[in-house]
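First comes the structure, then the notes that go with it.
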Amino acid sequence: MSKSYQKAPRVSRELMPRYKAVSEVLAGVLTVSEAARRLKLSRNRFQSVMHRALEGLIEGLRMKAPGRPPRSEWEKALREETERLRRENERLTKQAESTDQLLGLARGLLTTRKGPRQSRGARRAKTEDE
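In the numbering used here, the protein residues as written are 45 to 174.
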């Protein structure tokens with residue numbers, strides 16, 4: 045089975061009377077007036093239903109260009125914007141990682157040079173207790 049194969053559509057129970065009436069009119073088994081009476085529709089209303097069905101049929105028969113349809117300008121713009129944002133996110137993530145590394149190194153240098161830091165309140169408490 046090829047990728048372009050499409051299974052026959054399933055006609056719901058609700059649509060079956062209309063489907064059958066339109067098919068029988070197209071086959072010449074019923075007149076438009078008879079089909080309209082059977083469905084309890086006006087002749088004009090049934091004819092409109094049948095014309096819409098014919099439009100769908102004709103559209104389904106229309107030859108289309110092979111291959112995937114071209115992307116719209118809107119879709120192209122969205123894809124470009126997505127790619128630009130992905131690259132920017134990647135750059136900013138690397139920048140944040142570098143900043144974190146530098147802050148870690150700076151923290152290590154400060155801790156090594158001064159020793160562990162005490163808060164001002166802790167220093168005052170010592171001198172007052174002594």
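Even glycine gets a Cβ: it sits at the ideal position worked out from N, Cα and C.
Query, Result
"On the premise that Q91 lies in contact with V76, defined as a C-beta separation below 8 angstroms, what is that separation, rounded to the nearest angstrom?", "6 angstroms"
"Are the segment 83 to 98 and the segment 59 to 70 touching by the rule of at least three beta carbon pairs closer than 8 angstroms?", "yes"
"Can you tell me whether A80 is buried or exposed? The criterion is at least 16 other CB atoms within 10 Å of its CB, across all chains shown.", "buried"
"Compare the Cα-Cα distances from L101 to each of R112, P53, S48 and E58 and report the closest residue.", "P53"
"CB V66 to CB A109, shorter than 8 angstroms?", "no"
"Rounded to the nearest angstrom, what separates E127 and E134 at their Cα positions?", "11 angstroms"
"Taking the alpha-carbon positions, what's the E119 to L129 distance?", "15 angstroms"
"Say whether chain C places a C-beta atom closer than 8 angstroms to the C-beta of L85.", "Of the protein chains in this structure there is only one, and it is not chain C."
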